[in-house]
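Each remark here refers to the structure printed beneath this line.
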Amino acid sequence: MTVPRWLDERLALERFRAKYLGKPFPVHSTFFLGEIALFCFVILVATGLYLALFYEPSAQLLQGHGAVPAAYASTLLIDSHPFGALMRRIHHWTAHLMIAAVVLHLLRIYFTASYRKPREVNWLLGLGLLGATLAASFAGYLLPFDQFSVTATAIGYGIARSVPWVGSTLADLVFAGQFPSSATVPRFFAYHVVWAPLALAGLIAGHLVIVLKQKHTEMRRAGAQPEAAEGAYIHGIPLWPEQVALMGVLFLVMLGVLAALAAFLPVHPSAFYGPPQPVTPEVKPDWYLLWVYGALRLIPGGLSFKLFGATIGSEVFGAMLVPGILSLVIVLVPWLDRGPSSLFYTEPPMASPLRLALGLATITLFLALSLAGFGAELGLSVPVLWVITVVAPVAVGWAAHALARGRLGPLGGAPG
Ligand code: HEM
0 MTVPRWLDER
10 LALERFRAKY
20 LGKPFPVHST
30 FFLGEIALFC
40 FVILVATGLY
50 LALFYEPSAQ
60 LLQGHGAVPA
70 AYASTLLIDS
80 HPFGALMRRI
90 HHWTAHLMIA
100 AVVLHLLRIY
110 FTASYRKPRE
120 VNWLLGLGLL
130 GATLAASFAG
140 YLLPFDQFSV
150 TATAIGYGIA
160 RSVPWVGSTL
170 ADLVFAGQFP
180 SSATVPRFFA
190 YHVVWAPLAL
200 AGLIAGHLVI
210 VLKQKHTEMR
220 RAGAQPEAAE
230 GAYIHGIPLW
240 PEQVALMGVL
250 FLVMLGVLAA
260 LAAFLPVHPS
270 AFYGPPQPVT
280 PEVKPDWYLL
290 WVYGALRLIP
300 GGLSFKLFGA
310 TIGSEVFGAM
320 LVPGILSLVI
330 VLVPWLDRGP
340 SSLFYTEPPM
350 ASPLRLALGL
360 ATITLFLALS
370 LAGFGAELGL
380 SVPVLWVITV
390 VAPVAVGWAA
400 HALARGRLGP
410 LGGAPG
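Heads up: the sequence shown begins at 0 in numbering that gives the first Met the number 0, then just goes up one per residue.
In structure tokens form, the structure reads like this:
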């Protein structure tokens, strides 16, 4: 396909077409995870724009409506209209799908060593994207302003307050004073509809420009030349029209699945939870933050001591030290891995027993901490949960290492 001469003479589009529209895209199902995350963002913005027409970001009590907060009443109003309820449900399911897609995309990058030189910057931008996605979800969680969402957000407020030395100032800044107050809802609305989407849009743009500039990695084909001998990197389908057609199909399939989910599975029933009350129910965070909650459960609640005038309580260990250390290690992955750079090709997950073992052990640790979040319901005592949290990751890591070593053979090459 060429650009019509008339247009090209005026806008020089032929040069653009030749440079970008022919870009090759490797085809592999796991390479669609980043695109799924991207399309989720688009769907969230579109459905969010609709919801914003009816949502009222205010905690003011509406007299004559049983004195319920305006934000809560407007959520019930959205739910009372079939199309509004459909939009709210699609928005909700898409948020879950986006977090799952971002996490799986991260795992794809990790297990195939696609973070290695020259892609370290995109690893860091990607982690920024993960943080912004989680922050957007956390801010959105409060917006229905029902009893459940207020209680769940209060856990975050408690954690912010427990930061040593600066906790109350930090909590006041983030939550616009004491939580919950009349200032919190507009503040969280601003985070959710302005700050987080802008941050996500900017980071996504940077992320994709880098992918375009550095070019994508691809799975090594059987019998392919070693990287140094490749000379040029070009395998895969061109962006236009094949890749765009595939992306179109993916987008439509996603819309279909999300609409079906929304049609059959209700989300966060605000009417059932009711407006916020002084007595708060026992709530747990959503699946993606359950591991932080589990880590908090594992640390004895009474653990507390003074350090230079600050109180170091159990939250500091469960909600700051554990997530902080895990996050730091994940940030440093490209620099901890001393393997060769991966300009063109991904590395198969089994090629590095240590990377495989550490990756699977870390996933198991997150799962074990999440399980600890349900320890009481499952009848598991804290010591038992501690044993699971320590033993399961070590066992899984050890088994994965042994398996990968067995596959590689004693000299580290493929067994003959
Ligand atoms: C909103 C979140 C994100 C979006 C929309 C996004 C989007 C994308 C897309 C569309 C691609 C190209 C296709 C693919 O490889 O899947 C890509 C590649 C990449 N992403 Fe992300 N991503 C996100 C989060 C992350 C995270 C959390 C990480 C890791 C910490 C990450 C690291 C990378 C890297 C290193 C590449 C290049 C991969 C290669 O060349 O093989 N991204 N991203």
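Using N, Cα and C, we set each Cβ at its ideal position, and we do this for glycine too. If you're wondering where the values come from, they're calculated on a predicted model, not measured in any experiment.
**Item:** CA-to-CA distance, residue 71 to residue 61, given in whole angstroms
**Value:** 10 angstroms
**Request:** Identify every residue that forms a DSSP beta bridge with residue 344.
**Result:** DSSP lists 217 as partners of residue 344.
**Request:** Given a cut-off of 8 angstroms, decide if residue 370 and residue 293 are closer than it, judged by their beta-carbon atoms.
**Result:** yes
**Message:** Quick check: what's the CA-CA separation for residue 104 versus residue 239?
**Reply:** 23 angstroms
**Range covered by the alpha helix (DSSP H) that runs through residue 475** = Residue 475 cannot be examined here, being either before or after the span of the chain that is shown, 0 to 415.
**Request:** Label residue 279 either buried or exposed according to how many other C-beta atoms from any shown protein chain fall within 10 Å of its C-beta, with 16 as the threshold for buried.
**Result:** exposed
**Rounded C-alpha distance that separates residue 41 from residue 142** = Using only the alpha carbons, I get a separation of about 20 angstroms.
**Asked** Which term fits residue 168, buried or exposed, when burial requires 16 or more other beta carbons within 10 angstroms of its beta carbon?
**Response** Residue 168 is exposed by the Cβ-count criterion.
**Asked** What's the C-alpha gap between residue 217 and residue 21?
**Response** Computed Cα separation, rounded: 16 angstroms.
**Message:** Given a cut-off of 8 angstroms on the beta-carbon distance, is the pair residue 58 and residue 174 in contact?
**Reply:** It is not a contact, given that the beta carbons lie outside the stated cut-off.
**Alpha-carbon to alpha-carbon, residue 130 and residue 283** = 20 angstroms
**Message:** Quick check: the Cα distance between residue 50 and residue 96, rounded to an integer number of angstroms?
**Reply:** C-alpha separation (whole angstroms): 19 angstroms.
**Asked** Expressed to the nearest angstrom, what Euclidean distance is found between the alpha-carbon atoms of residue 11 and residue 24?
**Response** 24 angstroms
**Message:** Less than 8 angstroms between the C-beta atoms of residue 258 and residue 98, yes or no?
**Reply:** no
**Prompt:** Helix, strand or coil: how does DSSP classify residue 303 here?
**Reply:** strand
**Request:** Return the first residue and the last residue of the alpha helix (DSSP H) that residue 235 is part of.
**Result:** Premise fails: residue 235 is in no alpha helix (DSSP H) and is neither H nor E.
**Prompt:** Helix, strand or coil: which one does DSSP assign to residue 379?
**Reply:** coil
**Request:** Please report how far the alpha carbon of residue 347 lies from the alpha carbon of residue 9, in whole angstroms.
**Result:** Straight-line Cα distance between these residues: approximately 47 angstroms.
**Message:** Is it the case that the segment 349-357 contacts the segment 121-136, given that we only count it when at least three CB pairs across the two stretches are under 8 angstroms?
**Reply:** Of all C-beta pairs linking the segment 121-136 to the segment 349-357, fewer than three are shorter than 8 angstroms, placing the two stretches out of contact.
**Request:** Report yes or no: do the segment 130-140 and the segment 179-193 share at least 3 C-beta pairs separated by less than 8 angstroms?
**Result:** They touch, by the three-pair rule.
**Message:** I'd like the list of long-range same chain contacts for residue 116, defined as Cβ closer than 6 angstroms, with 5 residues on each side in sequence excluded.
**Reply:** 340
**Asked** So, is the C-beta of residue 72 closer than 8 angstroms to a C-beta in chain D?
**Response** The chain labelled as chain D is not found in the depicted structure, where only one protein chain is given.
**Asked** Given that a residue counts as buried once 16 or more other Cβ atoms are within 10 Å of its Cβ, and exposed if not, what is residue 386?
**Response** exposed
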